[in-house]
Structures are given as structure tokens and as C-alpha cells.
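This report refers to the structure that appears directly beneath it.
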Amino acid sequence: MSAKAFLLSHYSFSPPNIPRRNFNVHNSFYDTSGSGRGRGRGRGRFRYGERELLIKRNSSSWKLWADVKSKPFKIADDDSSSLLGKKDDGDNSVGLPQEFPKRWVIVILCFSAFLLCNMDRVNMSIAILPMASEYNWTPTTVGLIQSSFFWGYLLTQIAGGIWADTVGGKAVLGFGVIWWSVATVLTPIAAKLGLPFLFVVRAFMGIGEGVAMPAMNNILSKWVPVSERSRSLALVYSGMYLGSVTGLAFSPFLIHEFGWPSVFFSFGSLGTVWFAVWLSKAYSSPLDDPTLRPEEKKLILSSSVSKEPVKSIPWKLILSKPPVWALIVSHFCHNWGTFILLTWMPTYYHQVLKFNLTESGLFAVLPWLTMAVTANVGGWIADSLVRRGTSVTLVRKIMQTIGFLGPAFFLTQLSHVDSPAMAVLCMACSQGSDAFSQSGLYSNHQDIAPRYSGVLLGLSNTAGVLAGVFGTAATGYILQHGSWDDVFKVSVGLYLVGTVVWNAFSTGEKIID
4 MSAKAFLLSH YSFSPPNIPR RNFNVHNSFY DTSGSGRGRG RGRGRFRYGE
54 RELLIKRNSS SWKLWADVKS KPFKIADDDS SSLLGKKDDG DNSVGLPQEF
104 PKRWVIVILC FSAFLLCNMD RVNMSIAILP MASEYNWTPT TVGLIQSSFF
154 WGYLLTQIAG GIWADTVGGK AVLGFGVIWW SVATVLTPIA AKLGLPFLFV
204 VRAFMGIGEG VAMPAMNNIL SKWVPVSERS RSLALVYSGM YLGSVTGLAF
254 SPFLIHEFGW PSVFFSFGSL GTVWFAVWLS KAYSSPLDDP TLRPEEKKLI
304 LSSSVSKEPV KSIPWKLILS KPPVWALIVS HFCHNWGTFI LLTWMPTYYH
354 QVLKFNLTES GLFAVLPWLT MAVTANVGGW IADSLVRRGT SVTLVRKIMQ
404 TIGFLGPAFF LTQLSHVDSP AMAVLCMACS QGSDAFSQSG LYSNHQDIAP
454 RYSGVLLGLS NTAGVLAGVF GTAATGYILQ HGSWDDVFKV SVGLYLVGTV
504 VWNAFSTGEK IID
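Basically the numbering used here = 1-based index in the sequence shown + 3.
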């Protein structure tokens, strides 16, 4: 009988059943007097080969203890596995549960940051209505207030990328969230002080949100393997879509119950909670995390970027690569259509489809919800294709082609539909197919220049923000002199240009080390 079998079969037993063979009993004593505190208690030492065991009795049960002075006894790996409930054939699927991957903790924290990002951004679009009434602002003033956000947002796109690539994504994203959260809380105070103060606070908010995307891109390029890149980015960007849904849904309720300042106070305060969790859980790189399990670190680092920190940005090299310009041009073409639809959609519903304002706001939420779903579906499809051996270049081209031609097709159908329900469906499908871009151009920065992904996203997103600013203004001019069909034709034309440029010059291979 092995020592392990003896332990398992005699852990609790009565003295008469103790096998005496091969045992040397010494220094044993039993209290059998039947009286006193020692009644029914006892202990004894037994030697089994070279191992010494101690037997104790407690009133009615006996327990076996290993003598601490005995020689160390090593149980075979297969025996210990059976003690833990694992199979002897090495199958680890049964037994202790696996720890949740730390890289996905980072992804979820980035997702929640982007959720807060759009919650704090869209609340102004609802709160501006009672604010304009209270302070007697003209439409021109309202437009300046809304656009002041982009003054700061444009300023920190490239700067945020440089900062993230040189000092790390953790510090930059943490700074961004706490900065824009404080600016959100200060918005009602600034509005009461006067318009110049409000312009500055809104621009400050844009500064904070401007660093978010480059910082996120930098940190995920170090934490997420290539085979999980598409779905991780899709999940993070879907946080923006769900943030818009949450902000549009809760802002009217808070304004009605507690007044418009409550929107800014409540939404802004959530950023401090996120910041506390971020400081304790996040690291810029898996190399910096002392709690990361060795097997997960090995998995991440097997496809990670260079361990050397970025000390300078090779601007000439970056700007000399055609795939970089494909990213910039495609980002501009993509955001022109996206910003127009998301900015002017309630107006289209109200003017063309004759929805009232409440219905316009309700239906404006549908594209955001559709994008949140299809972005994650596209991410899973893209990563599945990569795992099955499809080249990253082909996957990125397929996903972005859907992200361009899908919206183009559904926008051309708007002039042929004759019911509001079909028009809403076309809008939702247009934006739903647009979300496949998260697995296309939005994932490509980490593919072609992982070490400089923050700077690269800052470059392309600057073009994207400019498209939003110019496209939104141009739409107003087109509607004044033309029709909605003309607005959609411009967007479709740019989608087609983006498709050609992307398929001609983009790549999924690393071109900048």
C-alpha cells in the first residue's frame, strides 16, 4: 500500500482498524480511565518505514497527522492531479477555474472609458435646449458652443499619440478621463459665469477626449495579440456607441427630474470612479504588470512589439509610406458620411419623415445600437479569419470594403423608399455596415506600425475630425441650396473614393518597426 493510499483510506478511523503490520509504536499513551478531561482522548506515534505519523483521538473520532520532523515526502504529479479532481491524462479542463485574462480586464476598462467619453459628449446635445432657453442664446451662439468642443479635440489628436507612444497609454488615458470629467462637472458653473468661460471649458473637455483614442490604441497594441485585435477594438469602440445610447436615454430624465445641471454633475462624477479602478488595475505594458500570470505574458509577448521605449517619432519615414496615406484618406472619407448621418439624422427624421421631436430622438438611437452589435460581430468574424490562416491584409480589406460599400448602398436606397419605416431601416443598416470599419481601418494602425500606433491614429483621426467639421457645415450649405439627395450623393461619392484608395494601397503587414 502506498503512502498516499494510506492517507486517503485512514484519514479518519478507529484504533481497532489500525493496521499493525509494519508499524513501530512508540511513546504512545491512552487515557482509558473513563473519567476526567482525558476521557476518550489519546494519541500515539507510529513509524511506517521511514515516515513517522501521529494519531490523535478527540472524544469520538481519530485523525492522522504527519510528524513535522519526518522526511519530506513528494507525491507524484499524477497523484496530486487526482487529489484536485483533475484527470490523470493531463486534461486541465476539470479542476480549479482559470483566472480571467488580464488583457481582457484592460480591454473592458478601455470600453468603459469610451462609454463615459460619449456619455459626457452627447449630454450637451440634450442639455443645450433648456440652457439656450434660460440664457437666451441664439442659434449661432448654440453652434459656437457645440463647435468649441472640437477646438480642443483637434489640438490633442497628434499630441496625444506622441505622448502615449513615449510615456505609455496608462498615464495618458487616465489623464484624459479625469480631465474631461472635471470639465464636464465645471460646465454648469462656466455657463453661469458667461460664454467665454463656457467656450474654454468645452474646449478643455475636447482636449481630454482628444487623447483617448491614441492612448487606447497604444495600450491595446501592447496587450492584445493579433488574433484577438479586431474583436478587442470592436468591443472598445462599441463602448462609444453604447455611451451615446446611455447619454441620450438618461439625459432627458435627469433634466426633467433634477434640472439640466444634474446631467453634467452626475455624468462627470462617474469618471472619478473609473479613474480609481484604472490606477489600481491597469499597466501600460504586460512587462510592467507584476501580477500577470507567466503563461498569459508569454502569449502576449509572442506577438508583441519591440520592448524598447519610443524616444523619437520617425515622421519622415511614417509619412513616406503609401499605407499610411491610405489610412488618412480612408479615415477622412469614412468620417464624412458617419458624422453627417449622426449629426443631421434627427433633422432628417423631422423634416423629411415628418416625425415629431420625441420620435426623432428615439429613432436616432437605433443606429447607435445597431453599430454596437455589428461592430462586435465584425470583430469576431475578422479574428476568426485570421486564426484560420487568412492574411491580415485580406481581412482588413474585406472588413473596410463592407464598411464603405454597405453605407453607400443603403444611402442610395433612401431616395427610392416611400415609407418612414423603410427609411429608418435603411439608416440603421447603413450605420450597421459602417461599424465593420472597426475591424478594417481602425485596426490597421496597430498592424502596420504597432510601436507608433498612437501617433498614427492621431494623424488619421485628425483627418477624420476635419471631415466631421467640414462635412457638417457643408451639409447645411447643400440643404440651403439643394436637397437631401444631394447630401447623400456627396457621402456616397466619398465612400467610393475611400474603397478604391483602401484596396489599392492598404496592407495588414508591419511596415514600420
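Cβ coordinates follow ideal geometry from the N, Cα and C atoms, glycine included.
query                                                                                                                      : result
Check whether H533 and G511 have beta carbons under 8 Å apart                                                              : Residue 533 is absent from the model: the chain starts at 4 and stops at 516.
Buried or exposed (CB count within 10 angstroms, at least 16 for buried), H259                                             : exposed
Nonlocal neighbours in the same chain, by C-beta distance under 8 Å from F114, ignoring five residues either side          : L238, V239, S241, G242
Backbone secondary structure at P191 - three-state DSSP                                                                    : helix
CB-CB length for V398 against L414, believed under 8 Å                                                                     : Not really, about 25 Å apart at Cβ, beyond 8 Å.
Within 8 Å, strictly: CB atoms of W281 and V214                                                                            : no
Simplified DSSP state of K357, which is helix, strand or coil                                                              : coil
Contact check, T275 vs L118, beta carbons under 8 Å                                                                        : no
Sub-8 Å separation of K251 and V180 beta-carbons                                                                           : Going by the sequence as given, residue 251 is Leu instead of Lys. Against a cut-off of 8 Å, the Cβ pair of V180 and L251 comes out as no contact.
Endpoints, alpha helix (DSSP H) assigned at F278                                                                           : 264-284
V500: first and last residue of the uninterrupted alpha helix (DSSP H) it sits in                                          : 487-508
Nearest neighbour of H448, chosen from W383, M216, V108, M425 [CA to CA]                                                   : M216
As assigned by DSSP and simplified to three states, the class of S433                                                      : helix
Residue from G479, F270, L462 with nearest C-alpha to A116                                                                 : F270
Beta-carbon gap between N221 and S446 smaller than 8 Å                                                                     : no
Own chain partners of I109 with C-beta closer than 7 Å, once the 5 adjacent residues on each side are dropped              : I222, W226, A285
Contact between the segment 431-446 and the segment 142-153 (3+ Cβ pairs under 8 Å)                                        : no
Between the CA atoms of H334 and L356 - distance to the nearest angstrom                                                   : 30 Å
Under the three-state DSSP convention, the category K324 falls into                                                        : coil
Cutoff 7 Å; reference L499; Cβ partners in own chain excluding five residues on either side                                : A411
H419 in three-state terms, based on DSSP                                                                                   : coil
Cβ neighbours of L257 in the same chain (closer than 7 Å, five flanking residues each side left out)                       : S265, V266, S269
Beta-carbon contacts of L417 that lie in its chain and below 7 Å, excluding the five residues immediately before and after : A426, C429, F491
Proximity below 8 Å, CB of I451 to CB of P326                                                                              : yes
Pairwise C-alpha distance: I192 and S184                                                                                   : 14 Å
Which listed residue (G197, D123, S224) has its alpha carbon closest to that of W107                                       : S224
Beta-carbon contacts of D488 that lie in its chain and below 6 Å, excluding the five residues immediately before and after : S418
Cβ-based burial, K195 [other Cβ within 10 Å; buried from 16]                                                               : exposed
Bounding residues of the alpha helix (DSSP H) (the contiguous stretch that carries E299)                                   : 297-304
Residue from V313, F407, L157 with nearest C-alpha to W505                                                                 : F407
8 Å Cβ shell around A507 - same chain, five flanking residues per side excluded                                            : A329
Own chain, CB closer than 8 Å to F358, minus 5 neighbours either side, in chain order                                      : Y352, F366, P423
L475 to L147 span [Cα, whole Å]                                                                                            : Going by the sequence as given, residue 475 is Thr instead of Leu. So the two alpha carbons sit approximately 13 Å from each other.
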